[in-house]
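With positions in the sequence shown counted from 1, the corresponding number in my numbering is that position plus 56. In what follows, a single structure is set out as structure tokens and then discussed.
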Amino acid sequence: MTEKQCEICGAEISGAPQRIVIDGSALEVCKGCARFGKPEDKWSPVPRKMVPAERAFTVTRPKPRDHFKDLVEIVPDFGRKIRESREGVGLSLEELAVRIKEKATLLRKIEREEISPEDEIRKKLERELKISLTDQASEARFKSGLSGRGLTLGDIASIKRKSER
């Protein structure tokens, strides 16, 4: 008959092995290691407290957001609108630049429509000149051909090719 080994120290067990429980695991150990656990016959698992079943919660799912509701876009002739409003108030380009704390060259490029104003600059211009440079984005522009396909970057962005510049 083959001798068994102690599952704790690895020594060969002579005679009958001791069955003990350590942290809920039953082990066969030698007499020297038997002191580390409780005898299996005296051990019983701790009865778990029965937690009363709680009332089922209703999950409120967020409503699908309308991404186009708050989407605004800059009016197509924003440069002309800014220039006419600035001249109507009687400000030079440099004076307007000082008032909104931006560079005159940047405003010149915006008036020529070489660049579109960022939101921060657009808001400064709207506040100072008392004009609106945005309008509500038309939802029809963003609808894709396939309704179940979802929204892509190409549906929102207008891409300028090299030949269009």
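We put the beta carbon where it would ideally sit given N, CA and C, even for glycine.
Point to revise | Same chain only: Cβ atoms within 6 Å of serine 200, ignoring 5 sequence neighbours per side | key: Position 144 of the sequence shown, counting from 1, holds the residue named residue 200. Legend: pLDDT at serine 200 = 46, less than 50; position of this residue unreliable, value from coordinates given subsequently. Asp211.
Can you give me the Cβ contacts of alanine 82 inside the same chain, cut-off strictly under 8 Å, excluding the 5 residues immediately before and after it? As a working note, residue 82 is residue 26 in the sequence shown. Excluding positions up to five away in sequence, the list reads Arg75, Ile76 and Glu96.
Just the Cα atoms here: how many angstroms apart are threonine 190 and lysine 137? In the sequence shown, counting from the first residue as 1, residue 190 sits at position 134. In the sequence shown, counting from the first residue as 1, residue 137 sits at position 81. When the Cα atoms are used, threonine 190 and lysine 137 turn out to be separated by approximately 11 Å.
CB contact flag (isoleucine 69, glycine 93, <8 Å):
In the sequence shown, residue 69 corresponds to position 13, counting from 1. In the sequence shown, residue 93 corresponds to position 37, counting from 1. Going by C-beta atoms, isoleucine 69 is not nearer than 8 Å to glycine 93.
Taking glutamate 84 as part of the beta strand (DSSP E), name the residues at either end of that continuous run. For the purposes of this step, residue 84 is taken as residue 28 along the sequence shown, with counting starting at 1. In the DSSP assignment, glutamate 84 falls within the beta strand (DSSP E) that extends over 81–85.
Practice item. Might you give, ordered along the chain, the residues of its own chain that have their beta carbon closer than 7 Å to the beta carbon of isoleucine 187, omitting 5 neighbours on each side? Key: Looking up residue 187 in the sequence shown gives position 131. Contacts found: Lys137 and Ser141.
Using a Cβ-Cβ cut-off of 6 Å (strictly less than) and excluding sequence neighbours within five positions of isoleucine 64, which residues of its own chain qualify? Residue 64 sits at position 8 when you count from the first residue of the sequence shown. Closer than 6 Å at the Cβ level, and outside the excluded window around isoleucine 64, lie Val85 and Cys89.
* Counting only the same chain and skipping the five closest in sequence on each side, list residues whose C-beta sits under 8 Å from that of glycine 144. => In the sequence shown, the residue the question calls residue 144 occupies position 88. Sequence-distant Cβ neighbours of glycine 144 in its own chain, meaning closer than 8 Å and more than five residues away, do not exist here.
Residue environment, phenylalanine 113, which counts as buried when at least 16 other CB atoms sit within 10 Å: Residue 113 sits at position 57 when you count from the first residue of the sequence shown. Exposed is the call here.
**With 16 other Cβ atoms within 10 Å as the buried cut-off, status of leucine 202** = Numbered from its first residue, the sequence shown carries residue 202 at position 146. Here leucine 202 scores only 48 on pLDDT, less than 50, and its place in the model is too uncertain to base an answer on.
Quiz item: What's the C-alpha gap between glutamine 192 and valine 115?
Solution: Reading the sequence shown from its first residue, position 136 is the one you call residue 192. Reading the sequence shown from its first residue, position 59 is the one you call residue 115. Glutamine 192 and valine 115 have their C-alpha atoms roughly 34 Å apart.
By the DSSP assignment, the alpha helix (DSSP H) with arginine 13 in it spans what residues? Residue 13 is absent from the model: the chain starts at 57 and stops at 221.
Would you please state the rounded distance, in angstroms, between the beta carbons of glutamate 169 and arginine 139? I believe it to be under 8 Å.
-> Residue mapping note: residue 169 aligns to position 113 of the sequence shown, counting from 1. Residue mapping note: residue 139 aligns to position 83 of the sequence shown, counting from 1. At roughly 10 Å, the Cβ-Cβ gap does not stay under 8 Å, so glutamate 169 and arginine 139 are not in contact.
For this session: Give a yes or no on whether the C-beta atoms belonging to leucine 149 and leucine 163 are separated by under 8 Å.
Result: For the purposes of this step, residue 149 is identified with residue 93 of the sequence shown, where counting begins at 1. For the purposes of this step, residue 163 is identified with residue 107 of the sequence shown, where counting begins at 1. Less than 8 Å separates the beta-carbon of leucine 149 from that of leucine 163.
Q | Enclosing beta strand (DSSP E) for aspartate 191 [first to last residue] | A | Stepping through the sequence shown from its first residue, residue 191 is reached at position 135. 190–192 is the extent of the beta strand (DSSP E) around aspartate 191.
Which listed residue (Leu207, Val154 and Phe134) has its alpha carbon closest to that of isoleucine 171 = The count along the sequence shown starts at 1 and reaches residue 171 at position 115. Of the candidates Leu207, Val154 and Phe134, the one whose C-alpha sits nearest the C-alpha of isoleucine 171 is Phe134.
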